[in-house]
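Written below as structure tokens is the structure these notes are about.
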Amino acid sequence: MARQNYQDKLDELREDVLYMSEVVLERLRMALDALERKDKEMANEVIDGDDEINQMYLDLEQDCIDLLALQQPVASDLRFIAATFKIITDLERVGDLATNIGEYTFRATKDVFPEVDVQEIGTVTLDMVEEAMDAYDREDTDLCRDIAAADDDLDQLCERASEIVVRDLIERELETTDEEDVEDLLQDVSRLLLTIRDLERVGDHAVNISARTLYMVENDDELIY
Amino acid sequence: MTQQNVTTSESDDDSSTASPEPGSGIASNGTAEAETTTTRSVIESRNLDVYYGEERALQEIDIEIPAEKVTAIIGPSGCGKSTFLRCINRMNDLVDSARVEGELLFEGKNVYDADVDPVALRRRIGMVFQAPNPFPKSIYDNVAYGLRVQDDTENLDERVETALRRAALWDEVNDRLDESALDLSGGQQQRLCIARAIAPDPDVLLMDEPASALDPVATSQIEDLIEELAQDYTVVIVTHNMQQAARISDKTAVFLTGGELVEFDDTSVVFENPEHQRVEDYITGKFG
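The structure is reproduced here in structure tokens:
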């Protein structure tokens with residue numbers, strides 16, 4: 279095959295993006311575990327690891343720029359690099375959201391709303407990102423569309439969870455007026471609502487990845503916004 | 042160059058149906074902000090075959106080249122792209138073994154009809170070649186040459202100046218028009234050849250690798266010039282440089298080995314999402 283060196287570089291870029299996604303997914307898993315177990319050490323590991331993800335992002339961004347500048351890709355190669363350029367931004371943002379969840383671990387004192395299953399929401403979002411990257415790897419456009427459809431279910435799940443919290447707050451008669459207790463409750467509630475929102479955003483990034491993958495494979499922009 | 046919605050080939054119909062969401066121009070197939078206008082075709086080939094002796098150099102070429110646009114012809118060596126270009130103004134008549142079948146219409150008239158004078162045809166379809174080839178005459182005489190040959194010397198000074206201005210050369214040579222054209226740089230010589238080609242005010246300008254012998258600066262000047270010329274002329278350019286085709290053309294025709302026209306579409310479509318796998322393989326370098 280002609281331009282073997284160029285083809286090798288494209289293959290390498292794809293492999294590196296998949297590796298970045300594995301690291302990001304692992305950090306999100308750890309953040310959710312840390313939150314559930316109140317494991318501050320693990321949470322710290324997630325927070326400290328964000329620099330590594332940022333550096334991966336910058337390196338991959340440079341790889342894309344180099345390929346554009348030096349190889350003048352066209353057609354499916356161009357769409358692959360254009361899609362990858364966007365997808366690494368989504369992965370970097372998922373890394374940031376994992377860091378946020380890690381930080382909430384330090385604020386969480388207790389699970390004030392046991393009926394809200396954050397871990398369930400977390401599992402759904404983890405699966406979505408994993409599947410989106412699988413679609414990117416295997417160029418599976420059906421899977422891209424499935425992920426976009428699944429995001430509606432995730433949004434509903436998050437909305438129901440937020441409603442439980444807000445409704446309870448409205449209806450709840452506080453057992454204490456102690457300012458410190460109220461402050462703790464405020465922290466816990468705010469942490470929980472932010473976690474739900476962040477997980478919902480992870481789902482959005484999974485959809486973005488699917489949308490760019492669909493464009494990459496079929497030049498189809500139906501899922502982009 | 043502004044994209045337009047031309048309706049000169051079947052595949053255009055597909056691309057014109059794309060309706061991207063706002064902000065998603067990345068997959069717009071070049072028609073996102075297109076005006077809905079139909080562009081007139083000035084050159085049209087129908088079932089055009091060209092043979093050199095027994096060897097068929099072009100196979101059943103059907104194409105409609107839009108007026109006042111830049112159409113690029115790309116393809117590997119020996120695919121027949123220069124042969125096609127030379128069919129348009131009957132330069133292949135000069136090759137003894139060349140034989141043309143089918144039709145090549147210019148403004149609706151088959152240029153191979155018996156009543157067509159090839160010399161008169163070439164006045165309306167000018168040509169610029171790969172290597173700059175000014176005559177060993179003064180700058181002025183080079184540009185005036187075609188007009189004088191036609192005995193069309195009215196307002197000659199004015200028309201020479203106009204041609205040099207259109208070729209973006211006037212500012213560099215207006216104080217030395219009587220100096221030898223051979224003293225100009227390679228890029229200036231090529232722009233002089235363009236001025237010479239457009240001085241008789243043709244309808245079509247054929248360019249066969251016009252920048253391949255030039256350095257990057259001279260190349261970019263020629264490319265800028267081609268885009269400007271397309272406001273007044275129909276430009277058909279053969280180039281080996283795919284990025285050049287991508288940069289300057291509105292439409293791209295891809296000829297592949299065997300003298301086959303495989304794809305003809307808006308340039309943005311050809312380079313972002315070509316219809317044919319063979320074209321994809323060629324432009325991404327997987328060919329061969």
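Line by line, the protein sequences give chains W and P. The working numbering numbers the first residue of the first sequence as 279 and each following residue consecutively. The working numbering numbers the first residue of the second sequence as 42 and each following residue consecutively. All residues carry an ideal CB built from backbone N, CA and C; glycine is no exception.
Among the options, nearest to residue i - alpha-carbon criterion
| i | options | result |
| --- | --- | --- |
| glutamate 220 of chain P | P/Leu233, P/Ala208, P/Ala209 | P/Leu233 |
| alanine 286 of chain P | P/Ser179, P/Asp137, P/Lys110 | P/Lys110 |
| leucine 306 of chain W | W/Met494, W/Arg479, W/Val485 | W/Arg479 |
| phenylalanine 391 of chain W | W/Tyr284, W/Asp482, W/Asp466 | W/Asp466 |
| aspartate 158 of chain P | P/Phe328, P/Met132, P/Tyr323, P/Glu264 | P/Met132 |
| glutamate 144 of chain P | P/Ile84, P/Ile263, P/Met168, P/Ile289 | P/Ile84 |
| phenylalanine 147 of chain P | P/Val136, P/Leu126, P/Arg140, P/Ala139 | P/Leu126 |
| leucine 501 of chain W | W/Leu472, W/Thr419, W/Lys316, W/Leu463 | W/Thr419 |
| glutamine 284 of chain P | P/Ile324, P/Gly300, P/Asp306, P/Arg319 | P/Ile324 |
| serine 118 of chain P | P/Gly300, P/Gly94, P/Glu316, P/Arg81 | P/Gly300 |
| aspartate 415 of chain W | W/Gly373, W/Leu477, W/Met494 | W/Met494 |
| aspartate 103 of chain P | P/Arg87, P/Val91, P/Gln230, P/Leu135 | P/Arg87 |
| valine 303 of chain P | P/Val136, P/Asp322, P/Glu195 | P/Asp322 |
| glycine 373 of chain W | W/Tyr335, W/Val396, W/Cys422 | W/Tyr335 |
| leucine 197 of chain P | P/Gln229, P/Ala185, P/Tyr92 | P/Ala185 |
Cut-off 6 angstroms between Cβ atoms - residues of its own chain near residue i, not counting five sequence neighbours on either side
| i | result |
| --- | --- |
| methionine 411 of chain W | Ser299 |
| aspartate 286 of chain W | none |
| leucine 369 of chain W | Met298, Ser299, Val302 |
| isoleucine 487 of chain W | Ile365, Asp368, Ala410 |
| aspartate 498 of chain W | Leu492 |
| lysine 122 of chain P | Ile114, Gly116, Val279, Phe296 |
| alanine 489 of chain W | Leu501, Ile502 |
| arginine 164 of chain P | Pro241 |
| glycine 481 of chain W | Thr403, Met406, Asp429, Leu432 |
| tyrosine 92 of chain P | Arg140 |
Residue i, buried or exposed, once every other Cβ within 10 Å from all chains shown has been counted against 16
| i | result |
| --- | --- |
| arginine 338 of chain P | It is not possible to answer for residue 338 of chain P, since the shown part of chain P is limited to 42 through 329. |
| glycine 116 of chain P | buried |
| alanine 347 of chain W | exposed |
| glutamate 96 of chain P | exposed |
| arginine 445 of chain W | exposed |
| asparagine 70 of chain P | Confidence at asparagine 70 of chain P is low in this model, with a pLDDT of 44, below 50, so its placement is unreliable and the value that follows should be read with caution. Buried is the call here. |
| asparagine 174 of chain P | exposed |
| asparagine 283 of chain W | exposed |
| serine 354 of chain W | buried |
| leucine 89 of chain P | buried |
| aspartate 291 of chain P | buried |
| isoleucine 448 of chain W | exposed |
| glutamate 330 of chain W | exposed |
| threonine 455 of chain W | exposed |
| asparagine 314 of chain P | buried |
| valine 485 of chain W | buried |
| isoleucine 343 of chain W | exposed |
| leucine 135 of chain P | exposed |
Nearest-angstrom beta carbon gap, residue j and residue i [assumed within contact, 8 angstroms]
| i | j | result |
| --- | --- | --- |
| valine 311 of chain P | valine 295 of chain P | 6 angstroms |
| leucine 296 of chain W | aspartate 341 of chain W | Rounded, the Cβ-Cβ distance is 13 angstroms, inconsistent with contact. |
| isoleucine 268 of chain W | glutamate 393 of chain W | Given a span of 279 to 503 for chain W in the structure shown, any question on residue 268 of chain W remains unanswerable. |
| threonine 293 of chain P | alanine 113 of chain P | 5 angstroms |
| alanine 413 of chain W | threonine 491 of chain W | 5 angstroms |
| leucine 188 of chain P | proline 251 of chain P | At roughly 22 angstroms, the Cβ-Cβ gap does not stay under 8 angstroms, so leucine 188 of chain P and proline 251 of chain P are not in contact. |
| alanine 312 of chain W | glycine 380 of chain W | 6 angstroms |
| leucine 99 of chain P | threonine 124 of chain P | 6 angstroms |
Same chain only: Cβ atoms within 8 angstroms of residue i, ignoring 5 sequence neighbours per side
| i | result |
| --- | --- |
| phenylalanine 384 of chain W | Lys318, Ala321 |
| tyrosine 274 of chain P | Glu109, Ile239, Pro243, Asp244, Val245, Leu246 |
| alanine 209 of chain P | Arg232, Gln262, Asp265, Leu266, Glu269 |
| glutamine 272 of chain P | Glu109 |
| aspartate 289 of chain W | none |
| leucine 472 of chain W | Asn378, Tyr382 |
| aspartate 326 of chain W | none |
| serine 82 of chain P | Thr49, Glu105, Ile106, Pro107, Ala108 |
| glutamine 434 of chain W | none |
Same chain, Cβ closer than 7 angstroms to residue i, neighbours up to 5 away in sequence not counted
| i | result |
| --- | --- |
| proline 351 of chain W | Leu345, Ile359 |
| glycine 227 of chain P | Pro173, Ala254, Leu255, Ala259 |
| glutamate 408 of chain W | Leu303 |
| phenylalanine 170 of chain P | Asp249 |
| leucine 223 of chain P | Pro175, Pro177 |
| valine 152 of chain P | Arg131, Leu145, Leu162 |
9 angstroms Cβ cutoff, residue i in contact with chain A
| i | result |
| --- | --- |
| glutamine 282 of chain W | No chain A appears in the structure shown, which is made up of the protein chains W and P. |
>> Taking beta-carbon pairs under 8 angstroms, can you tell me which members of the segment 336–358 of chain W lie near chain P?
In response: Gln350, Pro351, Val352, Ala353, Ser354, Asp355, Leu356, Arg357
> Using a Cβ cut-off of 9 angstroms, which residues of the segment 92–103 of chain P contact any Cβ in chain W, in chain order?
Replying inline: none
> When Cβ atoms are compared, which residues of the segment 297–320 of chain P fall closer than 7 angstroms to chain W?
Replying inline: Phe312, Glu313, Asn314, Pro315
> Residues in the segment 105–123 of chain P with C-beta within 8 angstroms of chain W's C-beta atoms, listed in sequence order?
Replying inline: none
>> Residues of the segment 416–429 of chain W in Cβ contact with chain P at a cutoff of 9 angstroms, in chain order, please.
In response: none
>> So if I threshold CB-CB distances at 8 angstroms, which residues from the segment 269–284 of chain P count as touching chain W?
In response: Met283, Gln284
>> By the 8 angstroms beta-carbon criterion, what residues does the segment 203–227 of chain P contribute toward chain W?
In response: none
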